[in-house]
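**Q** Got a structure for you, written out below as structure tokens; questions coming shortly.
Protein chains in written order, with the working numbering: chain A, 281 to 392; chain B, -15 to 97.
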């Protein structure tokens, strides 16, 4: 089954404790992306990747890092999480940027 | 700067009534356009897309959207809604030649019995 898998689905943690949210897709997609969803703000793109070892900033990259060492994986790293990063996060992938994206089920992060 | 505007944050409508969810964008270049739907506690799913060709696009569950270049709009319509259409709907654009997606703030459609 074609899917984008995110882990964990839920996480409560404390300020400053490094965390990683994993994202994996099994569709051989080249384009992958991370978003955060906040009430009233819709989805905002954090980072995207056009292919292995090629990443770039979206609209809200501050406080986040990503890597793309393999085509299927695109982890999101919060080196020193802060409460304003409490949000619902989505990973997505597509064959190319102009094609529809497949979304994961989301990761709800709470930073205390 | 490119942007997407969904003016209606919430739209209540009775079952079997028609509905229109509005989406306007600003871009100095041509764009690809999408509507996604998000059901409660789920990720987003593609509803329909406009890449090129006919300006009227349709989904398998009765929704349609029309790309209007002069008005920079991509409004979503359905002639008769069902309770099961209750969800949040997002309009998204990606300007051609770029890699950045821009989403609107979403419209919550609430279908009432």
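Every residue, glycine too, gets a C-beta built ideally from N, C-alpha and C.
1. What does residue 33(B) touch in chain A if you count any residue whose Cβ is under 8 Å from its own?
2. I'd like to know whether the C-beta of residue 96(B) is nearer than 9 Å to at least one C-beta of chain A.
3. Per DSSP, residue -1(B) forms a beta bridge with which residues?
4. For residue 27(B), which residues in chain A fall below 7 Å Cβ to Cβ?
5. Using the DSSP secondary-structure output, state which residues sit across from residue 79(B) in a beta bridge.
6. Can you confirm whether the stretch 26 to 44 of chain B touches the stretch 378 to 386 of chain A when touching is taken to mean that 3 or more C-beta pairs between the two stretches lie within less than 8 Å?
7. Please confirm whether residue 307(A) has its beta-carbon closer than 9 Å to some beta-carbon of chain B.
8. With a floor of 3 residues, list each beta strand (DSSP E) that falls wholly inside the stretch 302 to 353 of chain A, ordered by position along the chain.
9. What are the boundary residues of the beta strand (DSSP E) that residue 44(B) is part of?
10. Is residue 1(B) buried or exposed, if buried means 16 or more other CB atoms sit within 10 Å of its CB?
11. Taking C-beta to C-beta, are residue 10(B) and residue 49(B) nearer than 9 Å?
12. Assuming residue 65(B) contacts residue 21(B) under a Cβ cut-off of 8 Å, what Cβ separation, rounded to an integer in Å, is found between them?
13. Do residue 73(B) and residue 31(B) have their C-beta atoms within less than 9 Å of each other?
14. Mind checking which residues open and close the beta strand (DSSP E) that includes residue 96(B)?
15. First and last residue of the beta strand (DSSP E) that includes residue 293(A)?
16. To the nearest angstrom, report how far apart residue 421(A) and residue 365(A) are at their CA atoms.
17. Tell me which same chain residues have a C-beta within less than 8 Å of the C-beta of residue 24(B), skipping the five on either side of it?
18. So for residue 365(A), helix, strand or coil by DSSP?
19. Tell me, to the nearest whole angstrom, how far the beta carbon of residue 339(A) is from that of residue 325(A); I am working on the premise that it is less than 8 Å.
20. Under 9 Å between beta-carbons, which chain A residues line up against residue 18(B)? List them in chain order, please.
21. Helix, strand or coil, according to DSSP, for residue 68(B) in the structure here?
22. Per DSSP, what are the beta-bridge partners of residue 61(B) in this structure?
23. Is the distance from the Cβ of residue 284(A) to the Cβ of residue 383(A) below 9 Å?
**A** According to the structure data:
1. In chain order: 380.
2. no
3. In the DSSP output, where bridge partners are listed per residue, residue -1(B) has none listed.
4. 370, 383, 384, 385, 386
5. 15(B)
6. yes
7. No - not a single Cβ of chain B is within 9 Å of the one on residue 307(A).
8. 311 to 318, 322 to 331, 334 to 337
9. Neither: residue 44(B) is in no beta strand (DSSP E) and is coded neither H nor E.
10. exposed
11. no
12. Not really, about 12 Å apart at Cβ, beyond 8 Å.
13. yes
14. 91 to 96
15. 290 to 293
16. As displayed, chain A neither begins before 281 nor continues past 392, which places residue 421(A) out of reach and without an answer.
17. Excluding positions up to five away in sequence, the list reads 71.
18. helix
19. 5 Å
20. 380, 381
21. helix
22. 4(B), 48(B)
23. yes
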